[in-house]
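Position in the sequence shown (first residue = 1) + 557 = this note's numbering.
Backbone N, C-alpha and C fix where the C-beta goes; we use that ideal spot for every residue, glycine too.
Remember, it's a predicted structure, so these values are computed and weren't measured experimentally.
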Amino acid sequence: MNNLLVLSFLMLFINNPLILSILILLFALNVTYYLTFLTNSSWFSYILFIIMIGGLLILFVYMSSMSSTNKFKFHYFYFFTLFFLSIDFKFLIYNENSLNFLNDKSLNFMIKFFNYPNMYLIMFLIIYLLLMLIIVFFLVDVNLGPFRKN
(Lines of atoms letter the chains of each structure in order from A and count residues from 1; the text may use other names and numbers.)
(Lines give C-alpha, C1' and ligand atoms only; values in the text may rest on other atoms or scores of the structure.)
Protein backbone atom coordinates (compact mmCIF):
# COMPACT_ATOMS: atom_id res chain seq x y z
CA MET A 1 0.00 0.00 0.00
CA ASN A 2 2.94 2.27 0.67
CA ASN A 3 4.09 1.95 -2.94
CA LEU A 4 0.72 3.11 -4.24
CA LEU A 5 0.82 6.28 -2.16
CA VAL A 6 4.38 7.07 -3.18
CA LEU A 7 3.62 6.53 -6.86
CA SER A 8 0.50 8.69 -6.60
CA PHE A 9 2.50 11.46 -4.97
CA LEU A 10 5.25 11.18 -7.57
CA MET A 11 2.76 11.54 -10.44
CA LEU A 12 2.05 15.09 -9.31
CA PHE A 13 5.58 16.24 -10.13
CA ILE A 14 6.14 14.56 -13.48
CA ASN A 15 5.47 16.49 -16.69
CA ASN A 16 7.07 14.11 -19.21
CA PRO A 17 4.52 11.75 -20.81
CA LEU A 18 6.99 8.88 -21.11
CA ILE A 19 7.95 8.92 -17.43
CA LEU A 20 4.29 9.36 -16.46
CA SER A 21 3.42 6.28 -18.53
CA ILE A 22 6.11 4.30 -16.73
CA LEU A 23 4.70 5.42 -13.37
CA ILE A 24 1.19 4.40 -14.40
CA LEU A 25 2.58 1.02 -15.47
CA LEU A 26 4.23 0.60 -12.06
CA PHE A 27 0.97 1.67 -10.40
CA ALA A 28 -0.92 -0.96 -12.42
CA LEU A 29 1.61 -3.62 -11.44
CA ASN A 30 1.24 -2.74 -7.75
CA VAL A 31 -2.56 -2.81 -7.93
CA THR A 32 -2.39 -6.18 -9.69
CA TYR A 33 -0.03 -7.51 -7.04
CA TYR A 34 -2.31 -6.43 -4.17
CA LEU A 35 -5.43 -7.72 -5.90
CA THR A 36 -3.83 -11.12 -6.45
CA PHE A 37 -3.27 -11.54 -2.73
CA LEU A 38 -6.64 -10.06 -1.85
CA THR A 39 -8.68 -12.39 -4.04
CA ASN A 40 -6.45 -15.47 -3.72
CA SER A 41 -6.65 -15.90 -7.49
CA SER A 42 -4.74 -14.21 -10.22
CA TRP A 43 -7.15 -14.26 -13.15
CA PHE A 44 -9.13 -11.19 -12.09
CA SER A 45 -6.00 -9.15 -11.47
CA TYR A 46 -4.52 -10.36 -14.76
CA ILE A 47 -7.59 -9.20 -16.71
CA LEU A 48 -7.53 -5.86 -14.89
CA PHE A 49 -3.83 -5.48 -15.73
CA ILE A 50 -4.45 -6.21 -19.42
CA ILE A 51 -7.24 -3.60 -19.51
CA MET A 52 -5.01 -1.02 -17.80
CA ILE A 53 -2.15 -1.70 -20.21
CA GLY A 54 -4.50 -1.33 -23.19
CA GLY A 55 -5.66 2.05 -21.95
CA LEU A 56 -2.08 3.03 -21.22
CA LEU A 57 -1.03 2.19 -24.77
CA ILE A 58 -3.80 4.36 -26.18
CA LEU A 59 -2.79 7.24 -23.91
CA PHE A 60 0.88 6.81 -24.77
CA VAL A 61 0.28 6.87 -28.53
CA TYR A 62 -1.97 9.92 -28.23
CA MET A 63 0.42 11.85 -25.97
CA SER A 64 3.50 10.99 -28.02
CA SER A 65 1.80 12.19 -31.20
CA MET A 66 0.71 15.46 -29.59
CA SER A 67 3.75 16.40 -27.54
CA SER A 68 7.03 17.68 -28.83
CA THR A 69 10.31 15.98 -28.07
CA ASN A 70 11.41 17.21 -24.67
CA LYS A 71 14.53 16.13 -22.90
CA PHE A 72 13.93 14.59 -19.53
CA LYS A 73 15.73 16.37 -16.71
CA PHE A 74 16.25 14.38 -13.54
CA HIS A 75 16.05 16.45 -10.36
CA TYR A 76 17.71 14.93 -7.32
CA PHE A 77 15.56 17.05 -5.03
CA TYR A 78 12.43 15.15 -6.08
CA PHE A 79 14.19 11.83 -5.63
CA PHE A 80 15.28 12.59 -2.07
CA THR A 81 11.90 14.08 -1.19
CA LEU A 82 10.21 10.96 -2.50
CA PHE A 83 12.60 8.74 -0.55
CA PHE A 84 11.93 10.50 2.75
CA LEU A 85 8.18 10.64 2.15
CA SER A 86 8.10 6.91 1.48
CA ILE A 87 9.79 6.31 4.83
CA ASP A 88 7.27 8.59 6.57
CA PHE A 89 4.30 6.92 4.85
CA LYS A 90 5.56 3.52 5.91
CA PHE A 91 5.37 4.47 9.59
CA LEU A 92 2.07 6.36 9.32
CA ILE A 93 0.12 3.82 7.32
CA TYR A 94 1.10 0.57 8.95
CA ASN A 95 -1.78 -0.58 11.07
CA GLU A 96 -1.97 -4.21 12.05
CA ASN A 97 -5.76 -4.19 12.40
CA SER A 98 -6.29 -2.94 8.86
CA LEU A 99 -4.69 -6.09 7.42
CA ASN A 100 -7.05 -8.55 9.14
CA PHE A 101 -9.28 -8.88 6.09
CA LEU A 102 -6.42 -10.61 4.23
CA ASN A 103 -6.54 -13.50 6.70
CA ASP A 104 -10.29 -14.04 6.38
CA LYS A 105 -10.58 -17.23 4.31
CA SER A 106 -14.38 -17.16 4.18
CA LEU A 107 -14.45 -13.84 2.36
CA ASN A 108 -15.67 -14.47 -1.15
CA PHE A 109 -14.41 -11.30 -2.74
CA MET A 110 -15.45 -11.95 -6.33
CA ILE A 111 -19.10 -12.52 -5.50
CA LYS A 112 -19.23 -9.43 -3.30
CA PHE A 113 -17.47 -7.40 -5.95
CA PHE A 114 -20.10 -8.02 -8.65
CA ASN A 115 -23.22 -8.05 -6.45
CA TYR A 116 -25.73 -5.30 -5.68
CA PRO A 117 -23.84 -2.33 -4.22
CA ASN A 118 -20.92 -2.53 -6.64
CA MET A 119 -22.94 -3.63 -9.64
CA TYR A 120 -23.77 -0.05 -10.61
CA LEU A 121 -20.12 0.94 -10.43
CA ILE A 122 -19.13 -1.95 -12.70
CA MET A 123 -21.87 -1.07 -15.19
CA PHE A 124 -20.77 2.57 -15.13
CA LEU A 125 -17.17 1.55 -15.83
CA ILE A 126 -18.23 -0.67 -18.73
CA ILE A 127 -20.31 2.10 -20.30
CA TYR A 128 -17.53 4.63 -19.68
CA LEU A 129 -14.93 2.42 -21.38
CA LEU A 130 -17.24 1.86 -24.35
CA LEU A 131 -17.88 5.59 -24.66
CA MET A 132 -14.13 6.37 -24.49
CA LEU A 133 -13.47 3.74 -27.15
CA ILE A 134 -16.00 5.38 -29.47
CA ILE A 135 -14.58 8.86 -28.80
CA VAL A 136 -11.00 7.72 -29.48
CA PHE A 137 -12.19 6.00 -32.65
CA PHE A 138 -13.68 9.23 -33.97
CA LEU A 139 -10.64 11.26 -32.88
CA VAL A 140 -8.26 9.03 -34.80
CA ASP A 141 -10.33 8.93 -37.97
CA VAL A 142 -7.98 8.61 -40.95
CA ASN A 143 -9.98 10.93 -43.21
CA LEU A 144 -9.48 13.90 -40.92
CA GLY A 145 -5.69 13.91 -41.38
CA PRO A 146 -2.87 13.95 -38.86
CA PHE A 147 -3.08 15.34 -35.33
CA ARG A 148 -0.16 17.69 -35.72
CA LYS A 149 0.35 20.03 -38.66
CA ASN A 150 3.92 20.46 -39.91
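Considering only their Cβ atoms, is the gap separating residue j from residue i smaller than 8 Å?
i    : j    : result
L562 : I571 : no
L580 : L569 : no
T589 : F606 : yes
M609 : P574 : no
L582 : L564 : no
Have a look at residue i and residue j and give me their C-alpha separation to the nearest angstrom.
i    : j    : result
Y591 : P674 : 22 Å
I683 : F594 : 24 Å
G611 : W600 : 17 Å
L687 : N672 : 21 Å
L614 : M689 : 14 Å
Y603 : A585 : 10 Å
M680 : N597 : 24 Å
I691 : N587 : 29 Å
Along the alpha helix (DSSP H) that carries residue i, what are the first and last residues, could you check?
i    : result
S599 : No alpha helix (DSSP H) contains S599, which DSSP labels as neither H nor E.
L569 : First-last for L569: undefined, no H or E at that position.
V693 : 673–696
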